[in-house]
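A short write-up of the structure that comes next.
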Ligand code: IVH
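Numbering (my numbering), first residue to last: 1032 to 1700.
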C-alpha cells in the first residue's frame, strides 16, 4: 500500500514530539504538556500506525510493549565487562582511598564526581546507531541476562538517542523503583492476590526479571545512568562529569544529585549533606559513590580484581533497631552446618519486618553474650540476613537463659562433627538427615539450578515427611496421582508441578552441576566446570589435580568435588537422574570455549578494557594468556604504546590484533 507523504511526516512529527515530552518529563523532570495532551498525541500515532502498519518501527514510542512472553532470558556477553565497587565504611577508609590515589598520581588534590548509590540493579544498555538494541543485567560482570524487551518498557530509557550520538555505545546505570512506586506496586499486588515484595530493590529485580514484558510494563521502574562501557565512533569527553552531561544531552536520565567535589573533604561534605536528606529522597540509597573525574587519571589508576581503583562506595550505616530474643533455635543447612538462629519479637527495620536473626555459631553467641530474653540491637544491611549487633545489658531479665549448642543433630539426632580449624559444626548424617535432604532438594529445585516452578519449601517438606521423596532423583518419579493425594494439593496444582518437573529435565550441564549442591560449588564454579570439562562424565572422573586446573577451583573445592563423586550414593542419584531423562544439549567443548587451545599475549594500553579485564575475558572463552611472545603464541593484542613484543610477534609471523579487531573477535566468539 502506498503511504501518503503527509502521513509519513505526521508520524515522524508525532514520534519526535512524544519523545521530546518523555525527555522533558523523565530526564529533566520538567513536564511540558498535560497528561491529556500527551495521551492525545499517543492516540493519534496509534491510530495512524493501525491504519498503516508499514509505518511501524521498533523505535516508535508505541512499540515499548507488544512482545510475547519469553520462555527464558538468553545470556549475553557484555562487550566491556561490568565492574563492581570497593566499599568504605568510615572516614579513615575514605582518607586511605584518597591518599592511595594522590600518591599514585603524585598530585595534592583530586577532583571527584559524587553520586548517590541507588539500591537497584545494574544494567547495561547497548545503543547502535543511536538505537537501543539490547538491555542486559549485570550478571557476573562478564555475562548477564538479555532483558531487552523489559528494558524497552521503561519510559525514561530512550529507544533512540538524540543529537550527535556515537556509532555504538554501552550505557551503564541502575534500574530501581521509588519508595512511592514500591508502595503503589504492593497495593496493586495485594488487590490482585499477587505476592508482596519485601523492599524496593526486590521489587525492581522481580519486575525486570519478568518473562512477560506486559507485566514489566505495569511496574513503576525507573533508570539513572551512571557511566559508560564501550564507546565507538566518537571521542568521549575527558571527564566523568562531562560524560554524564553528554549522556543527558543524548536523552538519558542522570541523577540530579550528581556533583563534582574537591578532595576528600569535599567527599565528606557531600556524604553528610546527602545523609541528612537520605530519608527524604524519593528512593532508597545505601551510600554515595565517588569517582575520579579525570578519565586520564582513571586510566593511570586502573583496577584491582573487579573494582576500579578510581572509585569507591562510601556506605551509610545500616538501619538498627532494638527488639527481644524470644528463643534460640538451631537450623540444619544443606551441607549439614548447624546454625543458631534467634527468634525475635517482630520489628520493622530497613523496609522489612524481621522475625529472626542469624547468630552464626556458638562462639559468636558467647562473644556477644546473647541470652534468651535479652533485649538486642539488630541491624539489617541490604538484602543480607539480619544480625544481632549487641545486647542491652541493663535490660536483661532475671530469668534470661544461656544457650548451648546441642551435641546431637536437632533434626535426626546423629552425631555432630567439627573439622579442625573450622568454627562450623555439622550433622554427620549427610543425606540421611531429613533436614539436609530437604535443603538439598530445595536447592536442586531453585531458580538458578533446575528451576522447578511451584516446588516450594513447604511442598518439599511435605514430600520428604510423607516419604514420597528421599533424594532429588525421586522427584522425577512423582506422578500426578501421588501428588494430588497430598494435603492441600489440588489436581490443578499437582498437574502444574508435574509439568514443571517435565520442563526442568531440559537443562544445561552447568545448571545440573550447580543443582547437585556440591559443597563450595556455586554458580560460577559450576559454569567453569562445565566449560572446562564439557561433559558430566569428564567432571565425574576428574582427579583432584585435573580439577585444580579449572579457573577459580582451589585444592579445597577440588577435594569437595572429587569426594562428592566418589560416594556411591551420589553416583547412584546422578545415574537415576539421567535415567529419568534429565538432559542438556551435548555441546562441543570448542563451542563452549571458542578460544580453547589458543594462546594470547597482550601489549600496550586498550581504550575500553584494562589488562586484567581483557585477560579474564579471554580466559572465560577458554584462551590461555601468556606474558611473552613465542612460537606457541597465536595472537598478540596490541593497544596504544605497545612494547617490543609486537616486533617479536611480527618477526615470528604471529597475527597481531588491534583493539577493534580484538573486540570483533570476542564478539564473534
Ligand atoms: S559505578 C566502575 N555508580 O553499585 C564501577 N555504581 O557496588 C561501576 N551502583 O554494580 C559501578 N549507584 O549496580 C556506580 N552511582 C553509581 C551507582 C552504582 C549504584 C551499583 C551498581 C554496581 C554496584 C557496585
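All C-beta atoms in this analysis are idealised placements derived from N, C-alpha and C, irrespective of residue type, glycine included.
Query, Result
"7 Å CB neighbourhood of residue 1689 in its chain, flanking five on each side removed", "1669"
"Between the CA atoms of residue 1533 and residue 1441 - distance to the nearest angstrom", "35 Å"
"Buried or exposed by the 16-neighbour rule on C-beta atoms within 10 Å, applied to residue 1564", "buried"
"Start and end residues, alpha helix (DSSP H) containing residue 1571", "1567-1571"
"Residue 1116 Cβ short of 7 Å to the ligand IVH heavy atom set", "yes"
"Meets three-Cβ-pair contact criterion under 8 Å: the segment 1319-1331 and the segment 1363-1380", "no"
"Span separating the alpha-carbon of residue 1178 from that of residue 1591", "35 Å"
"Which of helix, strand or coil DSSP assigns to residue 1523", "helix"
"Distance cut-off 7 Å: residue 1109 Cβ against heavy atoms of the ligand IVH", "no"
"Option in 1474, 1051, 1243, 1158 with minimal Cα separation from residue 1099", "1243"
"Continuous beta strand (DSSP E) stretch holding residue 1377: start and end", "1369-1380"
"Cut-off 8 Å between Cβ atoms - residues of its own chain near residue 1152, not counting five sequence neighbours on either side", "1168, 1169, 1205, 1206, 1207, 1232, 1235, 1236, 1239"
"Residue 1613 versus residue 1648: straight-line alpha-carbon distance, rounded", "31 Å"
"Bridge partners - residue 1199, DSSP secondary structure assignment", "1159, 1263"
"Touch test, the segment 1397-1412 against the segment 1342-1354, Cβ-Cβ under 8 Å, three pairs minimum", "yes"
"Under 8 Å between C-beta atoms of residue 1390 and residue 1417", "no"
"Segment contact flag, the segment 1500-1518 with the segment 1561-1580, C-beta cutoff 8 Å, min 3 pairs", "no"
"Reduced DSSP secondary structure (H/G/I, E/B, other) of residue 1677", "helix"
"Close-in-space but distant-in-sequence residues of the same chain around residue 1285 (CB under 7 Å, 5 per side omitted)", "1255, 1256, 1275, 1278, 1279"
"Buried or exposed by the 16-neighbour rule on C-beta atoms within 10 Å, applied to residue 1084", "exposed"
"CA-to-CA distance, residue 1472 to residue 1272, given in whole angstroms", "50 Å"
"Residue ranges of each alpha helix (DSSP H) within the segment 1476-1555, 4 or longer", "1488-1496, 1503-1506, 1511-1515, 1522-1535, 1540-1546"
"Host beta strand (DSSP E) of residue 1145 (start-end)", "1142-1149"
"Rounded straight-line distance, which links the Cα of residue 1055 to that of residue 1158", "21 Å"
"Cβ neighbours of residue 1567 in the same chain (closer than 6 Å, five flanking residues each side left out)", "none"
"Local Cβ density within 10 Å of residue 1594, reported as buried at 16 or more and exposed below that", "exposed"
"Own chain, CB closer than 7 Å to residue 1548, minus 5 neighbours either side, in chain order", "1365, 1471, 1474, 1475"
"Helix, strand or coil at residue 1108 according to DSSP, with G and I counted as helix", "strand"
"Residues bridged to residue 1191 [DSSP beta-bridge criterion]", "1162"
"Validate contact between the segment 1533-1542 and the segment 1626-1640 using beta carbons, cut 8 Å, 3 pairs", "no"
"Rounded distance between the beta-carbons of residue 1634 and residue 1674, thought under 8 Å", "5 Å"
"Reference residue 1360; option with closest CA among 1135, 1388, 1511", "1388"
"Any non-hydrogen atom of the ligand IVH within 7 Å of residue 1178 CB", "no"
"Residue 1715: CB within 7 Å of a non-hydrogen atom of the ligand IVH", "Not covered by the structure: residue 1715. The range shown for the chain is 1032 to 1700."
"Buried or exposed (CB count within 10 angstroms, at least 16 for buried), residue 1602", "exposed"
"Exposure of residue 1222, with buried meaning 16 or more beta-carbon neighbours within 10 Å", "exposed"
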